[in-house]
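Here the structure is laid out as structure tokens; the discussion comes afterwards.
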Amino acid sequence: MHHLLKNKKACLFDMDGTLLDSMYVWKVVDEHFFGLFGMEVPPNLQQEIGGMSFTETAGYIKEQYRISMTGEEIRDLWNRLAQEEYASHVSYKPGAQEFLQYCKDMGLKTAICTSNSRQLLQAADSHLNLSQYIDEFVTACEVERGKPFPDVYLAAARKLKVKPEECLCFEDILPGVRAGRNAGMEVCAVEDSHAVQDRQQIRRESQLYIADYHELFGE
57 MHHLLKNKKA CLFDMDGTLL DSMYVWKVVD EHFFGLFGME VPPNLQQEIG GMSFTETAGY
117 IKEQYRISMT GEEIRDLWNR LAQEEYASHV SYKPGAQEFL QYCKDMGLKT AICTSNSRQL
177 LQAADSHLNL SQYIDEFVTA CEVERGKPFP DVYLAAARKL KVKPEECLCF EDILPGVRAG
237 RNAGMEVCAV EDSHAVQDRQ QIRRESQLYI ADYHELFGE
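The C-terminal position of the sequence shown is numbered 275 in the working numbering, with every residue numbered one higher than the one before it.
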């Protein structure tokens, strides 16, 4: 067992880019969405919205880019555009499924703490059977504030009935890493291609940085 897992009772996972290779979906959704308004996708969009809940992101984009839809209409459209990919095509990141099985075998509790919508979380669950490994699912829309605030991770710890310091948090982007640290948890960062521009800072702010979950076995 990796030394970071010693004295831990739970592993808490971000979903997109951390457990699942799914960030490609949002590139397609963004292009389609902004294209409807005759706009290019803003170059720094992912950095601007990183960590925000689905609801916060819809509000931000509506205001920032003067989109003539309600926040709810924007969220519904995003859900429709992304649904098919989450329900059929997204996959686990390398070693992630094996590591979830390992957590189960070791008796570690698990939660997914995502900025994504409950609808797309359920689509991914139906496709990949996340529920066989995951004890609790928390979305940032269900707590007061999205990442980098710790709300979603603290909510998961409460649901799992463990203390924050007994949790190891897995994240791929800087606001997520900060959310875990702000919750008083140790953080393992998982490399994802869409977040490489922040790689050095992510490395500095997390306890461990991995390219592949297989790195966690056998230490």
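Beta carbons: idealized from backbone N, C-alpha and C, even for Gly.
Which same chain residues end up closer than 7 angstroms to residue i when comparing Cβ atoms and leaving out the 5 residues on each side of it in sequence?
| i | result |
| --- | --- |
| GLY240 | PRO220 and GLU221 |
| GLU87 | VAL97 |
| ASN276 | Nothing about residue 276 can be reported from this structure: the residues present for the chain run from 57 to 275 only. |
Comparing C-alpha positions only, which one of the options sits nearest to residue i?
| i | options | result |
| --- | --- | --- |
| LEU133 | PHE273, SER171, GLN188 and LEU92 | LEU92 |
| LEU272 | TYR209, ALA251 and ALA152 | ALA152 |
| LYS118 | GLN103, ALA143 and PHE89 | PHE89 |
| LYS62 | ALA179, PRO231 and LEU224 | LEU224 |
| ALA143 | ASP228, GLN175 and ALA179 | ALA179 |
| ASP254 | VAL199, LYS83, GLY106 and MET162 | GLY106 |
| GLU104 | TYR116, MET95 and GLY94 | TYR116 |
| GLY127 | GLN188, CYS197 and GLN157 | CYS197 |
Might you give, ordered along the chain, the residues of its own chain that have their beta carbon closer than 6 angstroms to the beta carbon of residue i, omitting 5 neighbours on each side?
| i | result |
| --- | --- |
| ARG234 | PRO204 |
| PRO206 | ALA235, ASN238 and ALA239 |
| TYR265 | ALA245 and ARG259 |
| CYS67 | CYS159, LEU164, THR166 and LEU224 |
| THR195 | THR170 and ARG174 |
| GLU247 | ALA267 |
How would you call residue i, buried or exposed, if buried means at least 16 neighbouring beta carbons within 10 angstroms?
| i | result |
| --- | --- |
| THR170 | buried |
| ARG308 | Because residue 308 is not part of the residues shown, which for the chain are 57 to 275, the question remains open. |
| ALA173 | Strictly speaking, residue 173 in this sequence is Ser, with Ala absent from that position. SER173 should be labelled buried. |
| PRO147 | Per the sequence shown, the amino acid found at residue 147 is Ser instead of Pro. With fewer than 16 Cβ atoms within 10 Å of its Cβ, SER147 is classed as exposed. |
| GLY73 | buried |
| SER78 | buried |
| TYR121 | exposed |
Quiz prompt | Secondary structure, beta strand (DSSP E): runs of 3+ residues fully inside the stretch 148-214 | solution = 165-170 and 192-195
Quiz item: Should the stretch 180-194 be regarded as contacting the stretch 100-114, the criterion being three or more beta carbon pairs within less than 8 angstroms?
Solution: no
Quiz item: Which ranges does the alpha helix (DSSP H) cover as unbroken runs of at least 4 residues, wholly within the stretch 78-149, from first to last along the chain?
Solution: 79-92, 101-105, 110-120 and 127-144
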